[in-house]
Each structure stands twice: as C-alpha cells, then as structure tokens.
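Enquirer: If you're matching positions, the sequence shown starts at 915 in my numbering and goes up one per residue.
C-beta: ideal position from N, C-alpha, C; glycine also.
Quantities reported herein were computed from a predicted structural model and do not represent experimental measurements.
Below is one structure. I have some questions about it.
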Amino acid sequence: MAMGLNSSGRKRGRSSRRAPMAEINVTPFVDVMLVLLIIFMITAPMLASGVPVDLPESRANPMEQDVDQVTVSIDESGFIYVDETLIEAGEFPVALEQLASTRSTAEMPVVTLRADRGLDYGRVMAVMGELNRSGFNQVTLVTSGSSEAP
915 MAMGLNSSGR KRGRSSRRAP MAEINVTPFV DVMLVLLIIF MITAPMLASG VPVDLPESRA
975 NPMEQDVDQV TVSIDESGFI YVDETLIEAG EFPVALEQLA STRSTAEMPV VTLRADRGLD
1035 YGRVMAVMGE LNRSGFNQVT LVTSGSSEAP
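Have a look at this one:
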C-alpha cells in the first residue's frame, strides 16, 4: 500500500487534509557540500607548505608542479626544513645523503627552495651549494607573485 492513499475511497474528516510527503529535499545537503568544497579548495594550497616563510616577490611565470619533488625551506631564523621536518644544525648534508641514497642519479627529484626574503644571500647560496654537492641539480626557487617591475 502506498503512503497517502486512502484504501476505502472515502475521505475522513476535513476535505483539506494533506497526505504526508515521501520525498527527501536534497537542496540543503547539496548547498552544504558546495560550501565545504569551496572551503577545502581555499585551504588546501595553504596546507601544502607548512613552514611559514616570507617569500620574495618576482614577476616570473609559474612553473608546473612536479609529482616527484622535495621542498627545502629556510625560515627567517635560518633554520632548514626538508619538506616539514626541521634539520638540526650541521645535519643538512646527512639528510641530503639519506634522501639521495634512495634514488639513482637519473631519478633525482626536483628541489623547490623556499627562502625567507630577509635572509642573507650567502645563507641561501650555501644551501644551494650543498644541494648541488649532494647531486640535486634541479633546483626551483619559489617566490610570491608581484605585479610591478623591479
């Protein structure tokens, strides 16, 4: 027997009585899902880089993201992070050797270097030199976008 149908054919009581609806309204559910999707789309890029770094500005064109890449970050205090792991002072060459030992020279990943704009140029070059010495020859420097020419 279907909902809302009278089996006897006669109406009970008032003639304006409504039958219960058997439908589910999915519009509020879809609205909530779209809002959550927008929130995740906005916050996901922020989660990609966990080390807070004040990047310098550049008008360079953006490069494509590589699946096999390692992020090296240098914060404003000069501490080095590989992905989001803090590397102790003097342990950066050891960390790079461990990272390089898992791959052959042909399979070395692209290194994205994020350095704070307030750092000494020599500190950034020392990190780049250590990357080169360890066999990481493809280094990408990360900057924030700028709208004006230098």
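Please name the residue in SER972, VAL944, LEU951, VAL946 whose C-alpha comes closest to that of VAL1056.
Expert: Position 142 of the sequence shown, counted from the first residue, corresponds to residue 1056. Answer by Cα proximity: SER972.
Enquirer: Assign GLN1052 to one of three DSSP states: helix, strand, or coil.
Expert: Numbered from 1 along the sequence shown, position 138 holds the residue referred to as residue 1052. If DSSP states are grouped into helix, strand and coil, GLN1052 belongs with coil.
Enquirer: Taking 9 Å as the CB-CB limit, is ASP1034 close to chain D?
Expert: Any reference to chain D falls outside this structure, which holds one protein chain only.
Enquirer: Hey, which unbroken runs of the beta strand (DSSP E) at 3 residues or more fall wholly within the segment 959 to 1037?
Expert: The qualifying runs are 983 to 988, 994 to 996, 999 to 1001, 1024 to 1029.
Enquirer: Could you tell me the distance, in whole angstroms, from the CA atom of ALA1009 to the CA atom of ASN1046?
Expert: Here residue 1009 is taken as the residue at index 95 of the sequence shown, counted from 1. Here residue 1046 is taken as the residue at index 132 of the sequence shown, counted from 1. When rounded, the distance between both Cα atoms is 14 Å.
Enquirer: Cα separation between MET1039 and PRO1007?
Expert: By one-based count along the sequence shown, residue 1039 stands at place 125. By one-based count along the sequence shown, residue 1007 stands at place 93. Going by the C-alpha atoms only, they are around 14 Å apart.
Enquirer: Are VAL1041 and ILE956 close, meaning C-beta to C-beta below 9 Å?
Expert: Locating residue 1041 in the sequence shown gives position 127, counting from the first residue. Locating residue 956 in the sequence shown gives position 42, counting from the first residue. No, these two residues do not count as a Cβ contact at 9 Å.
Enquirer: Between ARG1037 and GLY992, is the Cβ-Cβ spacing less than 9 Å?
Expert: Translated into positions along the sequence shown, residue 1037 becomes position 123. Translated into positions along the sequence shown, residue 992 becomes position 78. The answer is yes: Cβ separation under 9 Å.
Enquirer: Would you call ALA1029 buried or exposed, if buried means 16 or more other Cβ atoms sit within 10 Å of its Cβ?
Expert: Reading the sequence shown from its first residue, position 115 is the one you call residue 1029. Answer is buried; the Cβ neighbour count reaches 16.
Enquirer: In terms of alpha-carbon separation, which member of SER1015, GLY1059, ALA958 lies closest to GLY1049?
Expert: Against the sequence shown, residue 1049 aligns to sequence position 135. Nearest of SER1015, GLY1059, ALA958 to GLY1049, Cα basis: SER1015.
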